[in-house]
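Student:
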Amino acid sequence: MNRYMEERYSLNYLKQLEAESIYIIRETAAEFKNPVLLYSVGKDSSVNLRLCQKAFYPGKIPFPLLHIDTGYKFKEMYEFRDYYMKKAGVNLIVYKNEEPEAQKFGPEQAHTDQYIYYKKTKALLDALKKYGFDAAIGGARREEEKSRAKERIFSVRTELGAWDPKNQKPELWHLYNGKLQEKETMRIFPLSNWTESDIWAYIKEENIEVVPLYFAQKRQLIKRNNVLVRLDEFNHPKEGEEIIEAVCRYRTLGCSPSTGAVLSSAQNIDEILEEVLNAKKSERETRAIDGTSETAMEQKKKEGYF
Amino acid sequence: MKQYNPNAELVRLVIMGSVDDGKSTFIGRLFYDLGEIYQDQLEAIEKASKKGGLDFIDLSLLTDGLSAEREQKITIDAAYRYLATPKRRFIVADVPGHEQYTRNMATGASLANLAIIMVDAQKGLLPQSKRHLFISSLLGVRHVLVAINKMDLVNYDQNIFEKIKDDFSAFLAKLNIPDIAFIPVSSLKGDMIVERSDNMPWYQGATALNYLENVEIANDINLLDFRMPVQLVIRPDQNFRGYAGRIEGGTIKVGEKVKILPSGKSTKIKSIIVDRENKEYAFSPQNAVLTMEDEVDASRGDMIARENNLPEIGNKFETTICWMKEDALLPNKSYILKQATKTCRCFIDKILYKINTDSLHRQDCNALNQNEIGRVTITTASPLIFDSYSKNRNTGSFIIIDENDGSTAGAGMILRKSQTTEIKNSGKEGFTLWFTGLPSSGKSTLADAVTKELNEKYGIPLERLDGDAVRETICRDLGFSSGDRQKNIERIAYIAKLLTKHGVAVITSFVSPNRQVRNWARQVIGNFVEVYVKCPVEECIKRDPKGNYKKALSGQIAQFTGVSDNYEEPDNPEIVVETDKEDISQCTNRIIASLKKLGYL
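From first to last, the protein sequence lines stand for chains A and B. Numbering (my numbering) for the first sequence: 649 to 954. Numbering (my numbering) for the second sequence: 1444 to 2044.
(1) Output the boundary residues of the beta strand (DSSP E) element that contains tryptophan 1766 of chain B.
(2) Going along the chain, which residues of its own chain have a beta-carbon closer than 6 Å to the beta-carbon of arginine 796 of chain A, five neighbours each way excluded?
(3) Below 8 Å, how does it come out for the segment 1739-1755 of chain B and the segment 1699-1713 of chain B: are there three or more Cβ pairs, yes or no?
(4) So, does the segment 827-847 of chain A touch the segment 1845-1861 of chain B, judging by three or more C-beta pairs under 8 Å?
(5) At what residues does the beta strand (DSSP E) containing lysine 1785 of chain B begin and finish?
(6) What does tyrosine 661 of chain A reach in chain E if we use C-beta pairs closer than 7 Å?
(7) For valine 2019 of chain B and phenylalanine 1878 of chain B, what's the separation of their Cα atoms in angstroms?
(8) Could you tell me the distance, in whole angstroms, from the CA atom of glutamine 1565 of chain B to the CA atom of alanine 1783 of chain B?
(9) Contact between the segment 1713-1724 of chain B and the segment 697-705 of chain A: three or more CB pairs below 8 Å?
(10) Among residues of its own chain, excluding the 5 on either side of glutamate 1865 of chain B, which ones have a beta-carbon nearer than 7 Å to its beta-carbon?
(11) Based on the DSSP output, what are the partners of histidine 1586 of chain B in its beta bridges?
(12) Would you identify the three-state DSSP class for threonine 760 of chain A, choosing helix, strand or coil?
(13) Answer yes or no: do asparagine 1814 of chain B and glutamine 2002 of chain B have a C-beta to C-beta separation smaller than 9 Å?
(14) When you compare only the Cα positions, how much space is there between valine 877 of chain A and alanine 894 of chain A?
(15) How close, in whole Å, do the beta carbons of threonine 1550 of chain B and isoleucine 1578 of chain B come, if the pair is a contact with beta carbons under 8 Å?
(16) Check the Cβ-Cβ distances between threonine 843 of chain A and every residue of chain B, and say whether any is below 9 Å.
(17) So the beta strand (DSSP E) isoleucine 1903 of chain B belongs to, where does it begin and stop?
(18) Hey, could you find the ends of the alpha helix (DSSP H) threonine 676 of chain A is sitting in?
(19) Nearest to alanine 1771 of chain B by alpha carbon, out of B:Asn1809, B:Tyr1832 and B:Arg1818?
(20) For chain A, find out if any of its Cβ atoms is closer than 9 Å to the Cβ of proline 1679 of chain B; answer yes or no.
(21) Which of the residues in the segment 1829-1858 of chain B, read from start to end, lie with their CB under 8 Å from any CB of chain A?
(22) Tell me the DSSP bridge mates of serine 845 of chain A?
(23) Run down chain B in chain order and give the residues with a C-beta less than 8 Å from the C-beta of alanine 678 of chain A.
(24) Between the segment 1725-1737 of chain B and chain A, which residues of the former have CB atoms less than 9 Å from a CB of the latter, in chain order?
(25) Closest Cβ-Cβ distance between tyrosine 705 of chain A and chain B: below 9 Å?
(26) What is the residue span of the alpha helix (DSSP H) that serine 1840 of chain B lies within?
(27) Taking leucine 1827 of chain B as the reference, which of B:Val1819, B:Asn1847, B:Lys1781 and B:Lys1871 has the closest Cα?
(28) Could you check if methionine 1444 of chain B is buried or exposed, using at least 16 other CB atoms within 10 Å of its CB as the buried criterion?
(29) Any heavy atom of the ligand MG closer than 8 Å to the Cβ of aspartate 1464 of chain B?
(30) Mapping DSSP to helix, strand and coil, what is arginine 835 of chain A?
(31) Leucine 861 of chain A to phenylalanine 728 of chain A, Cα distance in whole Å?
(32) Out of A:Val858, A:Phe882 and A:Glu889, point me to the one whose CA is closest to tyrosine 732 of chain A's CA.
(33) How about aspartate 846 of chain A: is its C-beta nearer than 9 Å to some C-beta of chain B?
(34) List the residues of chain A that threonine 1943 of chain B touches, going by C-beta distances under 9 Å, in chain order.
(35) Pull up the CB-CB distance for lysine 948 of chain A and alanine 1522 of chain B, whole angstroms please, since I reckon it's below 8 Å.
(36) Would you say tyrosine 1686 of chain B faces chain A, with C-beta separation under 9 Å as the test?
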């Protein structure tokens, strides 16, 4: 044990990460007219929400939450969302792209670029415009993916929501530049410096509730494009596909048809934490959307994806 | 098997170096030997190495960047990586090391506890290493590890290691880096990074990993000087008014006496909320909500500090600025400045010099270009509450924002308030009586007469600044070119300004033919009384006591005012005397009368 940690005037690494994130969240509330917290129901969103609750206590969170819904999320996610939003007493806006352009894409296309563009990217941009949000707080972490490794904490988006990696503002100290030009918006990433294991350690220390899909149990799965998708209302076995029953859990959550389970027996947070610390594969391995090409994420971010 | 360590310390690390120094391989090796590379990533690297015809794993491929960077073979900027060892959690800023990336290095170093500087053992101390050390020192990185890499290519020779170490040590004397270490490594072979090495039995010191895990950083936090910039006011209802902010230095307890700045109102801490709980105390870098015993109207941008340990307040500063924008930083331009939680307008007064980041030499300049670092004086539209950067990184740093496009144009560190605001005038101010006119118009004679009169009858402190005396002393290095003559006047004006401020009546007599220069002196000095000693040039030529007109007319002196150079008459002098029409005592009496009328006597 490090002797400094026993002294009363020092913070361990999680508390330091938390301190940085709370500062960023407060800076967002102070610098923007109409910010919003993006809420995707996953573990990172749960952590972001807790940080916001802490940032403004004893006041309430001074901005709403926004869920961009594709309609094809796991049903456990919808259940958890409705239960947890009520419990937290926060104001949630659910936005879905109901235009015909988006309607044509169903669960079968969930891994395609068009599905993601219309159901997620465009839906997000439309929602920001509809409500006049000038800043959107997201849960992306630099560790997740190499294009995110170069993302700023305060990251400017053009009118079309595009990310321009070559024109990013230098970010020094904790002095975040919140100046926007007309029609630009800001994306803000308080969890930039957190890793997957930091997220789980924080969930453990803070007793944060998360969607039960993160915990291992026996589930019926179909192996499709090297991803284990769950048998449910969106995923049915095609010809030649077998139904497998296996103990598994989810490392990340997204749309049910494009998010794979990992074989795991981790049934509680301590076991998950141990598993994540010793993981041999990166977190987004089960996300079909990142796999379309080597620079898939970078490309999607340039179009306005988170 | 890795385990969760709730007591791990957070360390921010910046790694500087260029591709040639083996920075990417070093990072790859560190992650690889620590088992921090995912299997899928490793397989991709192995595949790419084989494809490139290599018989080993090219670990540098781990730090492969964006497609835009690969296509153009450039590094856009700092990439952030995360590393966990049993004792510590590292945030690693990986920054390119070439001169055109000075701004990226400054960015990476701005929050770093610790810097690793990569050096190629075959090349030793290059200008780029000096640059990396200088930036680390400037940005206040307290611990620096110089990793002398590629030891395998110099036969693991101790003499080479020692020689490089000595070269560095000589250079380091010029810098302010409290803690520095040297470690010989080979990133390619893996010597002394995570594993020790049989190749260097002569080296008994720490491996790079040992160093990273054990260098003490906990003592670097300033726990003495309590500072909390107000970030937000939290008012859930009528009964609660709390000031939210991050504690940027020191500690605070309930009941302690504090002051709110800039208003200066005193009060006591009533309660402290951290983590949604009431606490007895809080410390840096916690986020707290403070409530006060009294109604004090604080808002964002204000600062809370302990009554007997206050930060400074001022609006004129001497700063070091690292310029980041393509359009240069220019004097007299105005920008937006953000320091702590305060945002206000600032003006660039003067660029004193820029610093050559390779040699540390100062160079005169009129502008700071992208990636240049210089000493700059600025004025802010409203006062900043600050500490010097060396005392507190968080309250002594600022960014400059160009409002035209919203870009972060520069990063600055406050050295101190500018001298001019620090020294308060002791009592009544003096004035400067500035005699100007053609050579031989009678300036010196009149100035002497007025000085005598003021001395005998008014008993005020006096100083007579005369051309010859000045040229023999502070302006000995100057000649008579128009540039030198201008410098001559600038120096005189500066001295006159200092004397005037401290209650001295200064009497100067210089031709000072240039109207603009005289007007500039008027602005600098403030209490400025311009006396135009008017006399037709024909009369001056007739007088010519030193015979200079004669020489000028015959061509022996070039650029002589009244002959070959123009004299610009004052637009609006306080006093005009005509020495071809009035005698000395008449002129003197009129000048004294005018000084009375102007309120100086």
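Built from N, CA and C at the ideal position, the CB exists for glycine as well.
Tutor: Inspection of the coordinates gives the following:
(1) Looking up residue 1766 of chain B in the second sequence gives position 323. It spans 1755-1766 - the beta strand (DSSP E) in which tryptophan 1766 of chain B sits, taken as one unbroken run.
(2) Residue 796 of chain A sits at position 148 when you count from the first residue of the first sequence. The answer, listed in chain order, is Ala788 and Arg790.
(3) yes
(4) yes
(5) Position 342 of the second sequence, counted from the start, is the residue given in the question as residue 1785 of chain B. Looking at the DSSP string, the run of the beta strand (DSSP E) that includes lysine 1785 of chain B is 1785-1798.
(6) Absence of chain E from the displayed structure is noted, the protein chains being A and B.
(7) For the purposes of this step, residue 2019 of chain B is taken as the residue at position 576 of the second sequence. For the purposes of this step, residue 1878 of chain B is taken as the residue at position 435 of the second sequence. Approximately 10 Å between the Cα atoms of the pair.
(8) Position 122 of the second sequence holds residue 1565 of chain B. Position 340 of the second sequence holds residue 1783 of chain B. Cα to Cα, glutamine 1565 of chain B sits roughly 44 Å from alanine 1783 of chain B.
(9) yes
(10) Your numbering for residue 1865 of chain B matches position 422 in the second sequence. Unreliable positioning characterises glutamate 1865 of chain B in this predicted model, as indicated by a pLDDT of 42, which lies under 50. A coordinate reading is not provided.
(11) By one-based count along the second sequence, residue 1586 of chain B stands at place 143. Partner(s): B:Leu1557 and B:Asp1622.
(12) Your numbering for residue 760 of chain A matches position 112 in the first sequence. Threonine 760 of chain A: coil per DSSP, three-state reduction.
(13) Against the second sequence, residue 1814 of chain B aligns to sequence position 371. Against the second sequence, residue 2002 of chain B aligns to sequence position 559. Cβ distance not < 9 Å, so asparagine 1814 of chain B and glutamine 2002 of chain B don't count as in contact.
(14) Within the first sequence, residue 877 of chain A is the residue found at index 229, counting from 1. Within the first sequence, residue 894 of chain A is the residue found at index 246, counting from 1. Straight-line Cα distance between these residues: approximately 12 Å.
(15) Here residue 1550 of chain B refers to the residue found at position 107 when the second sequence is read from its first residue. Here residue 1578 of chain B refers to the residue found at position 135 when the second sequence is read from its first residue. Actually they are not in contact, since the Cβ atoms of threonine 1550 of chain B and isoleucine 1578 of chain B sit about 10 Å apart, beyond 8 Å.
(16) Looking up residue 843 of chain A in the first sequence gives position 195. Output row for threonine 843 of chain A: interface = yes.
(17) In the second sequence, the residue the question calls residue 1903 of chain B occupies position 460. That residue, isoleucine 1903 of chain B, is in no beta strand (DSSP E); it is neither H nor E in DSSP.
(18) Stepping through the first sequence from its first residue, residue 676 of chain A is reached at position 28. 661-679 is the span of the alpha helix (DSSP H), which, as asked, contains threonine 676 of chain A.
(19) In the second sequence, residue 1771 of chain B corresponds to position 328, counting from 1. The shortest C-alpha separation from alanine 1771 of chain B is found at B:Asn1809.
(20) Within the second sequence, numbered from 1, the residue matching residue 1679 of chain B stands at position 236. True, the Cβ-Cβ gap to chain A drops below 9 Å.
(21) Arg1836, Asn1837, Ser1840, Phe1841, Ile1842, Ile1844, Glu1846, Asp1848, Gly1849, Ser1850, Thr1851 and Ala1854
(22) Sequence index remark: in the first sequence, residue 845 of chain A carries index 197 (1-based). Note: serine 845 of chain A sits in no beta bridge, so no partner.
(23) Along the first sequence, one-based indexing puts residue 678 of chain A at 30. Under the 8 Å cutoff, chain B gives Gln1674, Leu1675, Arg1743 and Thr1784.
(24) Phe1726, Ser1727, Pro1728, Gln1729, Asn1730 and Val1732
(25) For this step, residue 705 of chain A is matched to residue 57 along the first sequence. Yes, contact with chain B.
(26) Position 397 of the second sequence holds residue 1840 of chain B. It is not in any alpha helix (DSSP H) - serine 1840 of chain B instead sits in the beta strand (DSSP E) that spans 1840-1845.
(27) The residue given as residue 1827 of chain B occupies position 384 in the second sequence. The candidate whose alpha carbon is nearest that of leucine 1827 of chain B is B:Lys1781.
(28) Locating residue 1444 of chain B in the second sequence gives position 1, counting from the first residue. Burial call: exposed.
(29) For the structure depicted, the ligand MG is absent and the ligand set is empty, with no information on it obtainable.
(30) Stepping through the first sequence from its first residue, residue 835 of chain A is reached at position 187. In this structure, arginine 835 of chain A counts as strand in the three-state DSSP scheme.
(31) Within the first sequence, numbered from 1, the residue matching residue 861 of chain A stands at position 213. Within the first sequence, numbered from 1, the residue matching residue 728 of chain A stands at position 80. Roughly 10 Å separates the two Cα atoms.
(32) Residue 732 of chain A sits at position 84 when you count from the first residue of the first sequence. The option with the nearest alpha carbon to tyrosine 732 of chain A is A:Val858.
(33) Counting from one through the first sequence, the residue named residue 846 of chain A turns up at place 198. Taking Cβ atoms only, chain B reaches closer than 9 Å to aspartate 846 of chain A, which makes this a yes.
(34) Looking up residue 1943 of chain B in the second sequence gives position 500. In chain order: nothing, as chain A lies at least about 39 Å away.
(35) Locating residue 948 of chain A in the first sequence gives position 300, where the first residue counts as 1. Locating residue 1522 of chain B in the second sequence gives position 79, where the first residue counts as 1. Rounded, the Cβ-Cβ distance is 19 Å, inconsistent with contact.
(36) Here residue 1686 of chain B refers to the residue found at position 243 when the second sequence is read from its first residue. By this cut-off, tyrosine 1686 of chain B is not an interface position.
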